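Undergrad:
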Amino acid sequence: MTSSHLYIFKNILFALFAFSMFACSSEIDVSLNSTDPKIVVYGAITTDTLAHRVEITQTADFFSNSPAKVISGAALSITDGVNLFPLTESPSEPGVYYTAPDVYGLIGKTYTLTADNVLLQGAPEAKTLIAQSTIPDLDPNYQTDYLDSINVLYNEQWEGWYVNAWATEPADQKNFYMFKVYINDVLYSDSLNNIIISDDKLFNGNAISGAGVYFIEDADTLKAGYKVTLEMCVVSEDHYYFMFESQTSSHPQIPLFSPPPANARTNISNGAIGYFSAYAILRTSYYVKQRDVDIKNRLIGKRSRLQ
Amino acid sequence: MLTLKSPIVLCVLGFLLFVVGNKVSNAQAKFAVSGYIKDAATGEVLIGATVYVKGTTLGTSTNSYGFYSLNVPKGSFTLVYRFIGYNDAEEQLTLSSDTPINVELQPQSLQIDEVVISREKADANVTRSEMSSVRLEMKKIRQIPALMGEVDVIKAIQLLPGVTNAAEGSSGFSVRGGAMDHNLILLDEATVFNGSHLMGFFSVFNNDAIKDVKLYKGDMPASMGGRLASVLDIRMKEGNSKRFTATGGVGTLSSRLTLEGPIVKDKCSYMLSGRRTYIDLFFPLFKNDDLQSSTLFFYDLNAKINYTLNQNNRIFVSGYFGRDMFGSGEMGFGFGNQTFTARWNHIFGNKLFMNATFIRSNYNYLLESDSNDANAFKWDSKMTETGLKLDFSLSANSHHSLKFGLNSSYFSFSPGIVKGTSDDSFIKYWAIPKNYALEHGVYAMDEFKIDRFILKYGLRLSVFQNLGKARSLILDDNYKVVGFNDYKSGEVYNTYVTPEPRLGLIFLLNDKSSIKASYSHSAQYIQQASNSQAGNPLDVWFSASPNIKPQVADQWGIGYFRNFFDNTLEASVETYYKKMDHLIDFKDFASLLLNDEMEADIRAGKGHSYGLELYARFARSNFDGWVSYTYSRTFRETPGVNLGNRYRATYDKPHNLTFVLSYSFNNRTSLSANWQLATGQAYSQPVARVEYEGVIVPVYSDRNGSRFPTYHRLDLSLTVKSKRNLSRRWQGEWNFSVINAYNRKNPWTIMFLQDDEDPTRTYAETVYFPMIPSITYNFKF
């Protein structure tokens with residue numbers, strides 16, 4: 001059971017419930033309290049060689065209905081204890097800071113982000129924030145040994161495409177995964193709610209042969225010849241729970257399932273919120289075949305004949 | 001510990017009083033009159049029917065098996081037998097020895113849904129030696145407007161003071177600030193672990209199969225235990241022992257049919273009842289693909305058979321089997337309860353009544369995806385209770401009535417097993433280890449009547465044991481798993497013993513009013529892993545363990561009871577204070593499904609509740625019902641939750657005003673209405689937001705710091721009976737119900753959402769149940 005299964009399952013139960021009970025919904029006016037703004041830091045360093053990104057913004061009133069205010073002018077650096085990678089603020093994206101383009105993280109290493117001179121709007125003085133994260137210590141051959149290949153298969157029930165993976169799950173450790181998908185090299189998993197996360201609890205050490213690790217919720221997204229890339233990120237346990245908690249917080253409250261609302265964990269110091277992560281990335285791609293599309297069309301055709 | 005010890009001292013004192021009282025009362029020769037009180041039309045025993053000596057206060061009522069035993073002095077007198085909705089019966093006697101007398105009472109009318117006219121023994125509300133308990137007659141429950149016309153025992157008790165629903169429309173309920181799993185739901189003495197169907201919107205109790213419903217929300221008798229907040233004691237019909245009858249109904253949601261009749265007249269009868277929903281049968285009519293390939297239904301089967309061997313021996317066997325089935329494409333989900341009860345009632349020498357019970361109760365669910373590829377899996381979860389109970393009641397003399405007994409249950413939990421079901425399944429086999437436990441109880445209680453006082457005192461000793469084979473987690477101070485202890489099969493590796501004193505005192509001010517006070521200490525060893533507000537069928541039950549202390553509660557109550565207008569209006573004022581400790585809570589974001597280290601996610605907390613309940617129930621010939629007002633608060637305090645600060649429990653709804661009324665225009669037409677006005681439910685609001693990966697994530701502050709808008713709802717139901725035709729047995733009636741008659745948008749939930757069109761915009765949306773009408777046709781022949 002990956003979380004994609006559970007997610008689908010809960011949606012179905014909710015749909016059945018909503019249908020069966022004729023529940024209605026409507027927008028209502030609610031007056032909310034506000035609180036003093038806090039600094040928000042999101043950033044990551046990965047095993048990819050590129051300019052790694054850290055973004056500093058601040059919290060806003062829930063109904064503020066405008067983009068988050070950014071915090072410019074901070075001084076940022078990432079270090080692994082030996083090398084120091086300074087970040088510079090992007091001239092075109094205020095509040096977004098990048099490393100040099102030749103920086104990459106190494107498995108098993110701990111990275112420390114330091115942000116100096118972070119000045120919240122209206123605050124009397126600037127703060128220094130520190131965060132630390134470790135890229136999981138994997139087998140040195142992880143890039144070739146873990147993830148073999150993927151394909152896509154249309155699912156008539158959920159009217160979308162499963163991305164199925166062939167992989168070997170390492171047995172010797174607890175692993176935590178985050179899956180993202182690119183279609184024709186454009187990020188499809190562009191929202192917190194379509195990033196899939198999973199731990200290996202139920203399938204630790206198993207050979208995975210075609211299990212659905214990702215679901216593309218739209219029948220018409222894929223066409224023959226399209227390139228589908230699965231990005232499998234191996235993340236730390238803490239990072240996994242941060243993702244899980246952020247996703248849970250962002251879901252609406254459903255009395256049947258939702259735990260009491262709470263705030264996701266943070267690894268940023270000094271009263272700020274957000275997360276600095278370090279993780280390993282593996283990738284594999286698949287070109288959608290005409291056969292895949294034919295299968296889809298056959299399934300849809302069968303269904304419309306039934307109606 | 002002082003609070004614990006002092007009631008024990010009182011109990012010991014009580015037993016001393018018992019000995020003294022016995023000495024005093026033995027001075028005069030007494031004889032026992034005992035037997036069963038039954039319905040003359042159906043032969044069903046009547047629970048809670050009263051018998052008293054005319055012109056005196058000497059009296060008693062029948063127990064859950066319809067048996068009574070009354071000690072009376074030698075001589076001549078008249079006994080009056082009385083039960084709600086039945087004509088009184090009188091019996092003139094001259095006693096010179098113990099005498100068995102069985103009585104059959106004539107119902108005031110044979111029509112179904114007859115409006116209740118007379119009550120239990122007229123002043124029972126005042127003189128009854130219990131407080132904080134309510135018996136609801138099925139006749140009354142059937143009058144209450146019901147969702148989709150499905151008459152629902154649990155929805156009816158949610159209208160009582162001190163009881164609130166877990167969420168709008170839910171069959172989960174909270175009693176005096178307790179959690180949903182603090183309620184013990186018994187069906188013919190077997191525990192029902194999940195009382196709801198269809199994600200909580202209907203209860204598993206088919207009203208045609210039910211005879212009697214009693215809710216104890218405090219002042220728990222020593223004979224009951226295992227839960228902190230309440231016991232909902234539901235008894236099935238035994239089956240008509242006079243003639244064959246069929247009862248049924250066709251409704252918007254389901255159809256029901258109950259058959260009952262004698263196998264050997266007046267000796268042996270059966271009851272067989274079934275209900276099934278058929279909403280899914282209409283799915284093919286919808287143009288929606290998902291629905292066309294979906295299944296969605298539930299059913300219930302109840303069966304009971306009883307055999308009266310002779311005056312002193314009676315045997316009952318009953319069972320319940322119910323299941324919900326959901327399916328959509330490859331996904332399937334089924335869950336349900338099964339209960340089995342076998343009972344033997346035996347009377348020793350007119351005075352000592354024994355009930356021996358074997359129970360077995362099971363709850364399980366199964367989730368599967370039979371896709372026949374790498375994703376195929378089967379996930380099942382199961383728990384079983386097997387138990388024996390032995391209960392005795394003895395009317396020692398006119399001053400004392402004693403009850404004592406013991407029970408023992410064996411629990412087996414299999415919280416989750418996941419198997420791959422195809423060769424390619426990426427999950428091969430994964431399971432949370434099974435675990436086992438024993439729970440025992442031994443109790444004794446006495447009710448000592450002297451003059452205007454009734455003293456009730458009892459002690460229950462509960463014992464809980466964890467049993468191998470098991471793997472128990474070792475946790476450090478930060479709740480981190482640092483190791484395991486493995487135990488052999490059959491090894492008792494952990495024991496908890498809790499003395500649970502129960503006390504009650506009644507002072508009859510006069511024949512119209514009384515003051516009652518009670519105290520109870522109770523422990524709970526079995527609970528449900530649920531951190532959602534209303535719960536769902538996947539929530540598993542788990543037991544106390546070396547890491548999880550038993551939850552305990554102390555409850556104090558005091559009340560004033562008074563009847564008015566010739567006992568046609570019963571009124572009471574009760575207040576209570578309840579203190580709870582080792583309450584189960586979970587750390588933030590705890591994920592409780594398939595969690596093999598769940599004990600590490602549990603946080604034990606404290607809680608307390610207090611309240612004032614005003615209740616007035618009235619019964620006139622054509623107008624009856626009740627009005628109640630409740631002021632109640634309930635709070636929790638758990639380390640690591642809400643920064644360790646005290647917070648309102650979700651069920652904290654300070655004000656609640658309820659009207660439940662029925663009016664009969666004539667013999668054929670009656671109108672019922674309930675209206676509730678209550679403080680909105682507590683919930684957590686966001687105080688800020690952050691943007692992360694394109695999504696607006698709310699930032700919360702205090703847990704349950706805000707409230708939904710004020711709640712109010714009107715439900716109506718109109719019942720029209722067919723013309724009475726004495727030449728045929730068929731009786732029919734139409735019922736038209738409207739839930740939420742003026743379409744108030746009471747939130748089921750308030751969701752904080754991000755606009756799809758304009759992602760920087762956030763808004764609040766309420767999900768609510770609009771006006772829901774329904775039609776049901778009920779029949780009986």
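In order, the protein sequences belong to chains A and B.
Once you know that position 35 of the first sequence is 35 in my numbering, the rest is easy, because the numbers rise by one and skip nothing.
Once you know that position 629 of the second sequence is 629 in my numbering, the rest is easy, because the numbers rise by one and skip nothing.
For each residue, glycine too, the CB sits at the ideal point set by N, CA and C.
No experiment lies behind these values; they were computed from the predicted model shown.
With DSSP as the reference, please indicate the residues paired to B:P107 in a beta bridge.
TA: Numbered from 1 along the second sequence, position 107 holds the residue referred to as residue 107 of chain B. BP columns for B:P107 point to B:Y86.
Undergrad: Can you check whether the C-beta of A:Q253 is within less than 8 Å of a C-beta belonging to chain B?
TA: Position 253 of the first sequence holds residue 253 of chain A. So yes, A:Q253 belongs to the interface.
Undergrad: Tell me where the beta strand (DSSP E) around B:N71 begins and ends.
TA: By one-based count along the second sequence, residue 71 of chain B stands at place 71. Note, B:N71: beta strand (DSSP E), 67-73.
Undergrad: Please state whether the Cβ-Cβ distance between B:S462 and B:G225 is less than 8 Å.
TA: In the second sequence, the residue the question calls residue 462 of chain B occupies position 462. In the second sequence, the residue the question calls residue 225 of chain B occupies position 225. The answer is yes: Cβ separation under 8 Å.
Undergrad: So that I know if they touch, is there some Cβ in chain B lying closer than 8 Å to that of A:A126?
TA: Here residue 126 of chain A is taken as the residue at index 126 of the first sequence, counted from 1. Taking Cβ atoms only, chain B never reaches closer than 8 Å to A:A126, which makes this a no.
Undergrad: For the alpha helix (DSSP H) containing B:T127, name the first residue and the last one.
TA: Reading the second sequence from its first residue, position 127 is the one you call residue 127 of chain B. 124-127 is the span of the alpha helix (DSSP H), which, as asked, contains B:T127.
Undergrad: Please check if any C-beta of chain A sits within less than 8 Å of the C-beta of B:N563.
TA: In the second sequence, the residue the question calls residue 563 of chain B occupies position 563. Chain A contact via Cβ: absent.
Undergrad: Counting contacts by CB-CB distance shorter than 8 Å, is A:F179 in contact with chain B?
TA: As a position in the first sequence, residue 179 of chain A is number 179, starting the count at 1. Taking Cβ atoms only, chain B never reaches closer than 8 Å to A:F179, which makes this a no.
Undergrad: In chain B, which residues lie with their C-beta within 9 Å of the C-beta of A:Q173?
TA: Within the first sequence, residue 173 of chain A is the residue found at index 173, counting from 1. Residues of chain B passing the Cβ test: none, with the nearest at roughly 16 Å.
Undergrad: Mind listing which residues of the segment 39-68 of chain A have their C-beta closer than 8 Å to chain B's C-betas, in chain order?
TA: Correct list: V40, Y42, T57, T59, A60, D61, F62, F63, S64, N65, S66, P67, A68.
Undergrad: Which residue wins for smallest C-alpha separation from A:L84, given the options A:T47, A:G73, A:V96, A:G105?
TA: For the purposes of this step, residue 84 of chain A is taken as the residue at position 84 of the first sequence. The shortest Cα separation from A:L84 among A:T47, A:G73, A:V96, A:G105 belongs to A:G105.
Undergrad: Would you call the segment 134-150 of chain A in contact with the segment 76-91 of chain A, where contact means no fewer than 3 C-beta pairs closer than 8 Å?
TA: No, the segment 134-150 of chain A does not touch the segment 76-91 of chain A.
Undergrad: Against chain A, does B:A49 count as a neighbour if the rule is that its beta carbon must be under 8 Å from one of theirs?
TA: Taking the first residue of the second sequence as 1, we reach residue 49 of chain B at position 49. With 8 Å as the cut-off, B:A49 does not count as an interface residue toward chain A.
Undergrad: Skipping 5 residues on each side, what residues in its chain have a beta carbon closer than 6 Å to that of B:Q528?
TA: On the second sequence, position 528 is the one that residue 528 of chain B refers to. So the list reads D181, D539, W541, once near-sequence residues are dropped.
Undergrad: Let me check understanding here. Comparing Cα to Cα, which of B:R724, B:R135, B:S621 lies closest to B:F665?
TA: Position 665 of the second sequence, counting from 1, holds the residue named residue 665 of chain B. B:F665 has its Cα closest to that of B:S621, out of B:R724, B:R135, B:S621.
Undergrad: Below 8 Å between beta carbons: does that hold for B:L281 and B:L272?
TA: Residue numbering aside, residue 281 of chain B sits at position 281 when the second sequence is read from its first letter. Residue numbering aside, residue 272 of chain B sits at position 272 when the second sequence is read from its first letter. It is not a contact, given that the beta carbons lie outside the stated cut-off.
Undergrad: Would you say A:L32 lies against chain B (beta-carbon separation less than 8 Å)?
TA: Stepping through the first sequence from its first residue, residue 32 of chain A is reached at position 32. Yes, A:L32 lies at the interface with chain B (some Cβ there is under 8 Å from its Cβ).
Undergrad: Can you tell me the Cα-Cα spacing of B:D596 and B:P433, whole angstroms?
TA: Position 596 of the second sequence, counted from the first residue, corresponds to residue 596 of chain B. Position 433 of the second sequence, counted from the first residue, corresponds to residue 433 of chain B. Taking the straight line joining both Cα atoms gives about 8 Å.
Undergrad: On the three-state DSSP scale, how would you describe B:L232?
TA: Locating residue 232 of chain B in the second sequence gives position 232, counting from the first residue. If DSSP states are grouped into helix, strand and coil, B:L232 belongs with the strands.
Undergrad: Enumerate in chain order the residues of its own chain whose CB-to-CB distance from B:I515 is below 8 Å, with the five nearest sequence positions on each side excluded.
TA: Start at 1 with the first residue of the second sequence, and residue 515 of chain B comes out as number 515. Result list for B:I515: I506, F507, L509, I558, G559, Y560, F561, in chain order.
Undergrad: Any beta-carbon of chain B closer than 8 Å to the one on A:D145?
TA: Taking the first sequence and counting its residues from 1, one reaches residue 145 of chain A at position 145. No, its Cβ sits nowhere closer than 8 Å to a Cβ of chain B.
Undergrad: Of the choices B:N435, B:G387, B:H440, whose alpha-carbon is the least far from that of B:S488?
TA: Within the second sequence, residue 488 of chain B is the residue found at index 488, counting from 1. First, the amino acid is wrong: residue 488 of chain B is Lys here, not Ser. Selected option, being the one with the closest Cα: B:N435.
Undergrad: With a 10 Å radius around its C-beta and 16 neighbouring C-beta atoms as the bar for buried, classify A:S92 as buried or exposed.
TA: Translated into positions along the first sequence, residue 92 of chain A becomes position 92. So A:S92 counts as exposed.
Undergrad: How about A:L147 and B:V687: are their beta carbons less than 8 Å apart?
TA: Position 147 of the first sequence, counted from the start, is the residue given in the question as residue 147 of chain A. Position 687 of the second sequence, counted from the start, is the residue given in the question as residue 687 of chain B. Result no, Cβ atoms of A:L147 and B:V687 do not sit closer than 8 Å.
Undergrad: Which value, in whole angstroms, describes the spacing of the CA atoms of B:A783 and B:Q524?
TA: Summary: the structure shown does not reach residue 783 of chain B, with chain B confined to residues 1 through 781, and so no result is reported for it.
Undergrad: Helix, strand or coil: how does DSSP classify A:Y241 here?
TA: Taking the first sequence and counting its residues from 1, one reaches residue 241 of chain A at position 241. Correct three-state label for A:Y241: helix.
Undergrad: Starting from B:K382 and walking both ways along the beta strand (DSSP E), at which residues does that stretch end?
TA: For the purposes of this step, residue 382 of chain B is identified with residue 382 of the second sequence, where counting begins at 1. Counting along the chain, the beta strand (DSSP E) containing B:K382 begins and ends at 377-395.
Undergrad: Using only CA atoms, which one of A:D294, A:I39, A:G160, A:L138 lies nearest to A:G225?
TA: The count along the first sequence starts at 1 and reaches residue 225 of chain A at position 225. The shortest C-alpha separation from A:G225 is found at A:D294.
Undergrad: Provide the residue span of the alpha helix (DSSP H) that contains B:R276, from first to last.
TA: As a first step, residue 276 of chain B must be located in the second sequence, where it is residue number 276. Where B:R276 is concerned, there is no enclosing alpha helix (DSSP H), although the beta strand (DSSP E) it sits in stretches over 268-277.
Undergrad: Please list the residues of the segment 675-689 of chain B that have a C-beta atom closer than 9 Å to any C-beta atom in chain A, keeping them in chain order.
TA: Under the 9 Å Cβ criterion, the segment 675-689 of chain B contributes Y683, S684, Q685, P686, V687, A688, R689.
Undergrad: Quick one: is A:F257 buried, meaning 16 or more other Cβ sit within 10 Å of its Cβ, or exposed?
TA: For the purposes of this step, residue 257 of chain A is taken as residue 257 along the first sequence, with counting starting at 1. Classification of A:F257: buried, given that the 10 Å Cβ count is 16 or more.
Undergrad: Using a Cβ-Cβ cut-off of 6 Å (strictly less than) and excluding sequence neighbours within five positions of B:A303, which residues of its own chain qualify?
TA: Start at 1 with the first residue of the second sequence, and residue 303 of chain B comes out as number 303. Result list for B:A303: L272, G319, in chain order.
Undergrad: Hey, quick one: how far does the alpha helix (DSSP H) through B:K139 stretch, first residue to last?
TA: Counting from one through the second sequence, the residue named residue 139 of chain B turns up at place 139. Residues 138-143.
Undergrad: Ends of the beta strand (DSSP E) at A:Y275?
TA: Residue numbering aside, residue 275 of chain A sits at position 275 when the first sequence is read from its first letter. Taken as a continuous stretch (DSSP letters only), the beta strand (DSSP E) holding A:Y275 covers 273-287.
Undergrad: So, does the CB of A:D200 fall closer than 8 Å to a CB anywhere in chain B?
TA: As a working note, residue 200 of chain A is residue 200 in the first sequence. For A:D200, the answer is no, since every Cβ of chain B falls outside 8 Å of its Cβ.
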